[in-house]
Amino acid sequence: MAAFKIMSFATLLAAAISVVGASPAAPALLQSRQSCVEGKNKICYGVSGGMSQQLDIEELEYLASYLRFVGQSNSGMSSFYQMPTGSSCQEWAIPLPEGATILILAKHVSPFVKSAVLYEDIASTIDGGESATDTQRSAALLGCAVNGGQMGVAVNTNNAAYTSTDFKASKAKADGIIIKLVKVPKP
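Those letters in the sequence shown? Residues -22 to -1, 1 to 165, per mature numbering (1 follows the signal peptide of the UniProt record, and there is no 0), in order.
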């Protein structure tokens, strides 16, 4: 009969730490989850956390319209922003026109889920929607005004694109993405 050695928690922890340190591609289970804990609720910087970003509101409205245009001008999965795959909760800059002074960041808070949302939903998360009321604009990130802020993407689950053959075939979920509005850092 083979002898089994019972390892203490400390031994297992030491082994896990050595694996993480030895491998540049450590298993996601062993990587830090600390950066994934951000919630989907709206946070206005300089008001309910962080520093005010001093954003240009007209530019922000333009960028929301630009993202809506990108989504409406494309079809299939090209109308979706798809989070790059990975096992960490990274932030990615959404491509914008050159010269923008605002960064629109997408943070993947569910790294084990393939996430994709319509560009139009990102735009609506920012400005409340194409024909938004004052109440809708206030509930969106635009309600944070010059401060900038962050919140989970407001997904319009009634949009037929989420039930399309392309979206279903992608095996993506319309969840797990937080949008952050910040000022482009000065060089």
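For each residue, glycine too, the CB sits at the ideal point set by N, CA and C.
Note that the structure is a prediction, hence the values are computed from the model and not measured.
Within the same chain, show all residues whose beta-carbon is closer than 6 Å to that of residue i, passing over the 5 residues directly before and after it, in chain order.
i	result
Gly54	Asp144
Mark residue i as exposed unless 16 or more other C-beta atoms lie within 10 angstroms of its C-beta, in which case mark it buried.
i	result
Gln128	buried
Met61	buried
Lys164	exposed
Lys149	exposed
Ser57	buried
Ala118	buried
Val48	buried
Gly27	exposed
Cβ of residue i within 8 Å of Cβ of residue j?
i	j	result
Lys85	Ile156	yes
Ile80	Leu159	yes
Gln31	Asn134	no
Pro89	Gly64	yes
Glu37	Ala71	no
Cys67	Val87	yes
Gly154	Ser93	yes
Leu83	Glu69	yes
Tyr140	Ala123	no
Leu41	Leu74	yes
Ile100	Tyr44	no
Considering only residues of the same chain and omitting the five flanking positions on each side of residue i, which have a CB-CB separation below 8 Å?
i	result
Glu39	Asp105, Leu120
Ala132	Asp99, Ser102, Thr103, Ala118
Hey, could you find the ends of the beta strand (DSSP E) residue i is sitting in?
i	result
Lys161	155 to 161
Gly130	127 to 130
Under 7 Å Cβ to Cβ from residue i, same chain only, skipping five residues before and after it: list those, please.
i	result
Asn137	Leu96
Met29	Tyr23
Gln50	Glu98
Where does the unbroken alpha helix (DSSP H) through residue i begin, and where does it stop?
i	result
Lys146	143 to 148
- Uninterrupted beta strand (DSSP E) stretches inside the region 52 to 117 (no shorter than 3 residues): Segments of the beta strand (DSSP E) lying fully in the region 52 to 117: 58 to 60, 69 to 71, 80 to 86, 94 to 96.
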